[in-house]
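In order, the protein sequences belong to chains A and B.
With positions in the first sequence counted from 1, the corresponding number in the working numbering is that position plus 606.
No gaps in the numbering here: position 233 of the second sequence is 215 in the working numbering, and each next residue is one more.
Glycine is no exception: its CB is placed at the ideal position from the N, C-alpha and C atoms.
It should be emphasised that the depicted structure is a prediction, and the values quoted were computed from it without experimental measurement.
What follows is a set of notes on a single structure, which appears directly below.
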Amino acid sequence: MGKDSRLILDPLADNNPITIQVLGICSALAITAELEASIVMSISVLFVLAVGNVVISLMRNIIPSKIRIIVQLIVVATLVIIVDLVLKAFAYELSKTLSVFVGLIITNCIIMGRFEAFALGNGPWRSFLDGIGNSLGYAIILIIVGFFRELLGSGTLLGYPVLGNPIPGELTGLYAYGYENNGFMLLSPMALIVVGIIIWIQRTRNKALIED
Amino acid sequence: MSLKNNLHNFKEKNKDKKWLPAFNALHTFLFLPNETTHNGTHIKVADDLKRTMNTVIMAMVPCLIFGIFNAGYQHFNAIGEPVDFLSWDAAWIGIIKVLPLLLVSYGVGLAIEVLFAIIKKHEVEEGYLVTGMLVPLIVPIDTPLWMLAVAVAFGVVIGKEVFGGTGMNILNPALTIRAFLFFAYPTWMSGDKVWVHGADPRVQNLAEGVAPDVISGETILGGLAQGKELGYSVSDMFLGFIPGSIGETSTLLIVLAGLFLIFTKIGSWRIMLSAALGALAMGLIFNGVAASNLISESSKFYALMNTEFWHHLIIGGFAFGAVFMATDPVTAAQTNKGKWIYGFLIGFISIMIRVFNPAYPEGVMLAILLMNVFAPTIDHYVVQGNVKKRLKRLKVKTA
């Protein structure tokens, strides 16, 4: 059991797909301006990766290795289309915010990476845990980045104003003292810098992660 | 025992204390340390990093003093009660607005330097001395102090310390700070309300002081971008009696400072000259486009394109950027040929951004940051070109 729990715990910190393997950066930069979008994106990836890993793992002995990439693509594409349609049906506004990035989960390196590196060589239960672990590792970074970007960039969290009312003339909270939202936080370069700071802090705390 | 020895002994006694770097910084700033080598042959040059930095600061002081007077002068002009340029009234407004900016810039920047010196257990680096002076000179007069503090913290940590501190940075820290302010708080950094003290209604609300009805303090570039006529004479623009960031308005003083830097061999004349050439070249191209009727007069680029090419050198922050920012020895190109290319492209791209993107009238900031990133690449190809040339010569000789 200890081995299985490592499958979930490792990707959360010391083998995090974003901060250590530096995969899946594209979506981490693009959709983290709002916390809600980050959470929904994380759930979508969780679903695709966990289910996909199990499916690939079940088929691992019958996939000819020459066409395995195509098979993996078909599996992940099917799952992504399901997610996309569910989002469009039940959360239309949000699916517009996420726009093309739900479709781009197909090309998210984390997913193909786990299929190739793990699901093709392990049983369904372990593959399932691995999928959960890695997508949680992805989710934790997305949520941290989304939290700071929405808080500092728009002064809200999940859409609720937490720092006061920024409308001129009826300023409340922090805004009454002259505080202003940081527009830079809403631009993608700042997401890269926030991810960079997370990587910096993580490697300072655990020197073993520093490579030459 | 002299004070010098006392200080040295104090340092020896507290060798393993955590706060020692902070003490060392002050110590070496004011005194020559005792640790000198006593034997062997050494090349002796009086120019250490601190001397270099102080020279640049000396070159900037006239700009700062001019900026203080100009801040008040523009303010009284805008509210319709003109005063003499060299008057106590003008200086007072300037002092109460500019001095806090200077103090915040140095205070926050040096605090972070000391903090990192203690964490990393090395000596405090002098790198912030020049940056701290540059920052107040390149921001609008009414920039809120907390914004400046946030930006300085960002610029010093992300622009410099993450790369390893002074001498290792890729981007010019002062411009990183300015760019951060520009993208984070655009309404405070551009537009026609921020350049003259008191022109911004938000400042009036906060200060609840004098509230002039509508005073406009737009810069020449801002006005041109909207297709307005030039409201200032060439001599005003050259001497600096125009609204703008605090220290960048007087081209005359900047040119004098540039000559001083060239004379003391601190700044590179190649970069300054080639930046001016680049700007003139781009200005001439635009003038040509406007003169040959390739664009119509109704085009939004027309006014800026039709500006006489040499006016570009004296309006906006171009001169300041070319003299003080582009020549930063850490982030500029290192090879002589590379410096020509680097400077020329800075001038060329500044004017291009200035004309084509009216939302970013201060193209010089973005142009220098862009070329900072490319400086190592330019150097690489210059060096490789030289290697190839020499290899060829060697082949001819041996063959």
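inquiry  = Just list the residues that DSSP pairs A/Tyr766 with in beta bridges.
reply    = A/Leu763
ask   = For B/Lys374, is the classification buried or exposed, using 16 other Cβ atoms within 10 angstroms of its Cβ as the cut-off for buried?
value = exposed
query = When we look at the beta-carbon of B/Ala189 and count the other beta-carbons within 10 Å, is it buried (16 or more) or exposed?
reply = Here the model assigns B/Ala189 a pLDDT of 44, short of 50, so the residue's position is not dependable, and the following value carries that caveat. By the 10 Å Cβ count, B/Ala189 comes out exposed.
query = By Cβ distance, which residues of its chain are closer than 7 Å to B/Leu68, with the 5 residues on each side in sequence left out?
reply = Phe51
message = Just checking: is the beta-carbon of B/Pro64 within a distance shorter than 7 Å of some beta-carbon in chain A?
response = no
request  = Would you verify that the beta carbon of A/Phe790 is, or is not, closer than 7 Å to some beta carbon of chain B?
outcome  = yes
Sequence-distant residues of the same chain with beta carbon closer than 8 Å to B/Val144, five excluded per side = none
request  = Assign B/Val106 to one of three DSSP states: helix, strand, or coil.
outcome  = coil
request  = Under 8 Å between beta-carbons, which chain B residues line up against A/Gly739? List them in chain order, please.
outcome  = Here the premise fails: no neighbours, minimum Cβ distance about 29 Å.
ask   = Between the beta-carbon of A/Pro772 and the beta-carbon of A/Tyr781, is there less than 7 Å?
value = yes
request  = For B/Phe165, go through chain A and note every residue whose CB falls closer than 7 Å to its CB, in chain order.
outcome  = Gly789, Phe790, Leu793
key: Contacts around A/Arg755, its chain only, beta-carbon distance under 6 Å, and the 5 residues preceding and following it disregarded   = Thr638, Ala639, Met791
query = So, is B/Leu351 buried or exposed, given that buried needs 16 or more other C-beta atoms within 10 angstroms?
reply = buried
ask   = Mind pulling the chain B residues with CB within less than 9 Å of A/Ile799?
value = Phe136, Ile140
message = Please list, in chain order, the residues of the segment 120 to 135 of chain B that have any C-beta partner in chain A closer than 9 Å.
response = Pro126, Trp128, Met129, Val132
ask   = Of all Cβ atoms in chain A, is any one closer than 7 Å to the Cβ of B/Lys0?
value = no
ask   = Can you tell me the Cα-Cα spacing of A/Gly743 and A/Gln808, whole angstroms?
value = 13 Å
query = By how many angstroms is the C-alpha of B/Ser232 removed from the C-alpha of B/Leu221?
reply = 5 Å
query = Apart from the five residues on each side of it in sequence, which residues of its chain come closer than 6 Å, Cβ to Cβ, to A/Val682?
reply = Gly658, Ile712, Ile717
Cβ of A/Glu786 within 7 Å of any chain B Cβ = yes
task = Count the CB pairs spanning the segment 251 to 265 of chain B and the segment 289 to 302 of chain B that are closer than 8 Å, and state whether there are at least three.
result = yes
Distance, B/Ala258 Cα to B/Gln186 Cα = Bear in mind that a pLDDT of 49 at B/Gln186, under 50, signals an unreliable position, so the model cannot answer this.
ask   = When the cut-off is 7 Å and only beta carbons count, does B/Leu84 lie next to chain D?
value = In summary, chain D is missing from the structure at hand, where the protein chains are A and B.
inquiry  = According to DSSP, is B/Leu(-15) part of a helix, a strand, or is it coil?
reply    = helix
request  = Determine the contact status of A/Leu757 and A/Leu763, defining contact as a CB-CB distance below 7 Å.
outcome  = yes
Per-residue contacts from B/Phe162 into chain A (C-beta, under 7 Å) = Phe790
query = In chain A, which residues lie with their C-beta within 9 Å of the C-beta of B/Val144?
reply = Gly802, Ile803, Trp806
query = Mind checking B/Lys370: buried by the 16 CB within 10 Å criterion, or exposed?
reply = exposed
ask   = Taking contact to mean at least 3 C-beta pairs separated by less than 8 Å, is the segment 151 to 161 of chain B in contact with the segment 353 to 362 of chain B?
value = yes
inquiry  = Considering only the alpha carbon of each residue, which of A/Glu642, A/Arg674, A/Val661 lies closest to A/Ser733?
reply    = A/Val661
message = If contact is defined by three or more beta carbon pairs under 8 Å, each pair taking one atom from either stretch, is the segment 58 to 65 of chain B in contact with the segment 131 to 146 of chain B?
response = no
task = Identify the contact partners of B/Pro168 in chain A, using a Cβ-Cβ distance below 8 Å as the criterion.
result = Gly789
query = Beta-carbon separation of B/Ile75 and B/Ala41 under 7 Å?
reply = no
request  = Within the same chain, show all residues whose beta-carbon is closer than 7 Å to that of A/Ala636, passing over the 5 residues directly before and after it, in chain order.
outcome  = Phe707, Ser794
message = Among the candidates B/Cys45, B/Met35, B/Ile39, whose CA atom is the shortest distance from the CA of B/Ile228?
response = B/Cys45
Exposed unless 16 or more other CB atoms sit within 10 angstroms - verdict on B/His362 = exposed
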